[in-house]
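Residue numbers (this note's numbering): 52 to 393.
C-beta: ideal position from N, C-alpha, C; glycine also.
Reviewing the structure listed below.
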Amino acid sequence: MLSLKVPLKEAEKWKKYLVETKNFNNKYRFKKDDSFIYFPILRRFEVLRGDISFVDMSFEESKNSGDLKTNLINFLSKEELSILKASHDIIGTIAILEIPKELEHKEKFIAETLLRINKNIKTVLKKADAHEGVFRTQKMKYLAGINTTETLYKENNVSLLVDVEKVYFSIRLSNERKRIAGLVKPGEDILVMFSGAAPYPVVLSKNTPAKHILGIEINPDGHKYGLENIKINKCKNVELICGDVHVIVPELNNKNIRYDRIIMPLPKTADEFLDDALMLSKKSTVIHFYDFLEESNFDEAKIKISEACKRNNRDYRIINIVKCGQHAPRVFRICVDFEIIN
Ligand SMILES: C[S@@+](CC[C@H](N)C(=O)[O-])C[C@H]1O[C@@H](n2cnc3c(N)ncnc32)[C@H](O)[C@@H]1O
């Protein structure tokens with residue numbers, strides 16, 4: 052196979068040149084010795100330096116043959132490459148792409164390329180809409196591979212079966228789930244409002260000494276996957292209710308049930324449920340309140356908490372404000388941890 056032999060110290064410069072001129076053959080792994088690097092290339096071109104030469108040699112096939120953009124260099128124009136998002140979510144064996152309108156006519160080809168270069172991906176979908184409605188679900192369009200929206204995903208020592216179209220699920224929250232798990236003390240009773248496919252309940256069950264975890268989810272599909280995930284992970288201390296938090300909370304209150312920790316992962320409208328959280332709080336309950344805010348407006352979350360506590364005659368203290376993701380340019384997903392002190 053044809054290769055370009057260049058001095059090792061100039062490797063980066065030449066690799067960039069080969070990629071930009073669409074000469075780099077990234078199906079194969081480059082080789083090097085003490086002084087030179089050998090890049091597999093697609094064709095000869097004019098070289099005016101004596102220390103750079105073309106050599107015929109064999110190369111190993113690359114297992115992970117580069118990123119998506121590099122693999123599309125020969126098939127998309129410079130402008131098209133510049134608008135293609137380099138990153139994509141991979142949930143289990145499903146990759147979810149965001150394809151700009153201008154590239155829709157090439158979306159199948161892009162998806163098939165991704166399938167070819169990443170052997171762990173079995174299905175490629177694209178986001179066909181934003182997260183919508185009460186269930187916060189997102190429409191997907193099938194692009195390549197096995198036609199499914201269901202996959203098994205692993206994080207924080209658990210396996211989660213999810214349908215990426217029927218239920219809200221974000222892998223970007225796995226660190227946040229780990230953070231919350233790190234705060235749980237032995238014997239806690241925990242309420243997870245808006246539990247979805249139960250990632251919080253299952254992660255807390257398998258990674259903390261909590262006594263009991265209750266999840267409430269209004270989406271019947273989310274509830275169904277939640278029940279499945281309890282089974283898959285053999286969780287003994289998780290209970291899930293399918294219903295509206297506004298309806299279930301007063302029922303729990305009638306039974307005088309109180310929680311040590313309440314998690315509110317519904318950033319768009321969690322403030323509408325603060326009264327419910329306070330209803331099931333006792334002295335020293337810790338509440339995790341999520342919101343989407345620009346950095347300059349983080350105080351708005353504190354105001355929502357302050358007003359709700361005032362309405363409900365409760366004293367509280369803010370423990371922490373944590374940035375746990377980026378929602379949009381300059382807009383963060385934040386979590387305010389606060390404790391009820393009276
Ligand atoms: C942003 S998702 C979070 C899901 C899950 N906790 C996770 O982290 O993957 C919010 C969830 O709240 C549910 N939801 C919305 N309003 C609700 C309500 N009034 N009562 C119970 N669940 C609700 C939605 O169906 C959705 O699954």
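Assumed close pair residue i, residue j - CB separation to whole angstroms, cut-off 8 angstroms
i: His274; j: Cys286; result: His274 to Cys286, Cβ: 15 angstroms. No contact.
i: Ala352; j: Asp342; result: 4 angstroms
i: Tyr310; j: Ile241; result: 6 angstroms
i: Asp214; j: Asp295; result: So it is not a contact: roughly 21 angstroms between Cβ atoms.
i: Leu135; j: Lys159; result: Leu135 to Lys159, Cβ: 14 angstroms. No contact.
i: Thr202; j: Ile142; result: 6 angstroms
i: Met191; j: Leu176; result: 4 angstroms
i: Ile264; j: Leu255; result: 5 angstroms
i: Cys360; j: Asp366; result: 7 angstroms
i: Asp326; j: Asn270; result: Not confirmed; about 22 angstroms, so no contact.
i: Asn288; j: Ala261; result: 7 angstroms
i: Tyr219; j: Gly247; result: 5 angstroms
Cβ neighbour criterion (16 or more within 10 Å) applied to residue i
i: Leu99; result: exposed
i: Val17; result: With the chain covering only 52 through 393, there is no way to say anything about residue 17.
i: Phe126; result: exposed
i: Gln189; result: buried
i: Phe96; result: exposed
i: Met108; result: exposed
i: Asn307; result: exposed
i: Thr320; result: exposed
i: Ala249; result: buried
i: Thr72; result: exposed
i: Ala179; result: exposed
i: Val235; result: buried
i: Glu268; result: buried
i: His156; result: exposed
i: Val185; result: exposed
i: Pro237; result: exposed
i: Ile354; result: exposed
i: Lys64; result: exposed
beta-carbon residue i near ligand 2 non-hydrogen atom, thresh 7 angstroms
i: Leu317; result: For ligand 2, the structure offers nothing, since it holds only ligand 1.
Residues near residue i in its chain [Cβ-Cβ closer than 6 angstroms; skip 5 each side]
i: Glu390; result: Val337, Arg368, Ile370
i: Lys56; result: Phe87, Tyr89, Ser104, Val106
i: Arg312; result: Glu239, Ile241, Val337
Contact test: residue i Cβ vs ligand 1 heavy atom, cutoff 7 angstroms
i: Arg187; result: yes
i: Gly247; result: yes
i: Asn270; result: yes
i: Val209; result: no
i: Val289; result: no
i: His378; result: no
i: Ile147; result: no
i: Leu224; result: yes
i: Phe220; result: yes
i: Ile356; result: no
i: Asp214; result: no
i: His24; result: The requested residue 24 does not occur in the structure, where the chain is confined to residues 52 to 393.
i: Tyr251; result: yes
Residue i to residue j span [Cα, whole Å]
i: Phe81; j: Glu323; result: 57 angstroms
i: Leu344; j: Leu53; result: 53 angstroms
i: Lys282; j: Asn305; result: 29 angstroms
i: Phe245; j: Ile161; result: 35 angstroms
i: Tyr68; j: Ser138; result: 23 angstroms
i: Val106; j: Phe87; result: 12 angstroms
i: Gly266; j: Ala232; result: 15 angstroms
i: Ile124; j: Phe75; result: 9 angstroms
i: Asn207; j: Glu227; result: 11 angstroms
i: Pro330; j: His297; result: In the sequence as presented, Pro is not what sits at residue 330; that position holds Met. Roughly 11 angstroms separates the two Cα atoms.
i: Ala181; j: Ser221; result: 13 angstroms
i: Tyr79; j: Thr174; result: 24 angstroms
i: Ser357; j: Lys333; result: 17 angstroms
i: Ala195; j: Thr164; result: 9 angstroms
i: Ser128; j: Asn122; result: 12 angstroms
i: Glu130; j: Arg167; result: 23 angstroms
i: Asn77; j: Ile147; result: 23 angstroms
i: Val209; j: Asn393; result: 36 angstroms
i: Glu183; j: Arg381; result: 21 angstroms
i: Asn169; j: Glu346; result: 36 angstroms
i: Asp102; j: Leu132; result: 32 angstroms
i: Asn284; j: Asn258; result: 11 angstroms
Beta-carbon proximity list for residue i, same chain, < 8 angstroms, skipping 5 on both sides
i: Lys83; result: Leu59, Ala62, Tyr89
i: Leu317; result: Arg187, Met244, Phe245, Phe324, Tyr341
i: Ile299; result: Ile267, Ile292
i: Asn171; result: Ile141, Thr144
is_contact[residue i, chain C] using C-beta, thresh 8 angstroms
i: Phe96; result: Of the chains in the structure shown, none is chain C; there is only one protein chain.
Contacts around residue i, its chain only, beta-carbon distance under 7 angstroms, and the 5 residues preceding and following it disregarded
i: Ala379; result: none
i: Ile372; result: Phe349, Ile385, Val387
i: Pro151; result: Ile134
i: Leu93; result: Asn74, Asn76
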